[in-house]
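Residue numbers (the working numbering): 2 to 225.
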Amino acid sequence: MNSPTQAELRARLMQLFDLLLERYGPLHWWPADTPFEVCVGAILTQNTNWLNVEKAIANLKREGLLSLEALWEIDQERLAELIRPSGFFNIKSARLKHFIGWLLERYGTLDAMFAEDWRLVREELLAVRGIGRETCDSMLLYAGGKPSFVVDAYTRRLLSRLGLVRETDSYEEVRSLFMDSLPHDSDLFNEYHALIVEQCKRHCRKKPLCQGCPLQGLCTRPSR
DNA sequence: ACCCAGGTGGCCC
DNA sequence: GGGCCACATGGG
């Protein structure tokens, strides 16, 4: 099977978006009250069910800790206890501390960070311990409104089942599919990623391979 | 009693 | 550049 042209890819991606939007959207992500809460949530949700993250966020809110200053002041041990429900609490408390320390040192505020060219900020964020590609892109897109497409496990699962990427493609390769094919529109990227998550949460479980998946028509590979 | 969840870094080859 | 592992809770 020869690979689809750039124009065909673009058409398929827009077709997929339209279909998902019709079914679920618009969803207006990310579920948070402030950009800072988005950043905290992005770290807490690493390989973790969102319901567990909500419990951790609720703990931080209850204690009045959902601010840059408050999280800078708090002991890492106490922070770990408060975010316990989100799992990996020792690692994540350290990662939150790393991020906050870096942000205060480098920019002082989130607004100042987002005032800088986001492509530069992306490189800087990726160098912060505990902030990988998905976390970084989530912050840029959902906290900063920057057109940086977010790739996650759901994106990979759905796109590979549709035959648009390979299972083995790297994060940057999958991200490039979107970045190179679609207009750099943060509203579009915001909805697109949210819709992929919504679709997969409902229909793309790990074991069964999308039996009777309504997106079959978009598949570039033969249905089994 | 399993299996899974909106990853990441360290270590190894 | 990849493959494997630890990290941990709560829901289905």
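The beta carbon of each residue, even a glycine, is placed where N, CA and C say it ideally should be.
Item: Anticipated Cβ contact below 8 Å, I84 with S68, distance rounded; Value: Contact doesn't hold; Cβ gap of about 15 Å is too wide.
Item: Cβ contact (3+ pairs, closer than 8 Å) linking the region 182 to 195 and the region 135 to 143; Value: yes
Item: Selection from P184, L14, W31 and L216 that minimises the alpha carbon distance to T136; Value: W31
Item: Secondary structure of E117, DSSP reduced to three states; Value: coil
Item: Three-state secondary structure assigned by DSSP to P86; Value: helix
Item: Sequence-distant residues of the same chain with beta carbon closer than 6 Å to V198, five excluded per side; Value: Y155
Item: Complete alpha helix (DSSP H) runs within the region 157 to 205 (minimum length 4 residues, chain order); Value: 172 to 182 and 187 to 204
Item: Endpoints, the alpha helix (DSSP H) within which Q7 is located; Value: Q7 to Y25
Item: Residue burial classification, G109 (beta-carbon count within 10 angstroms, cutoff 16); Value: exposed
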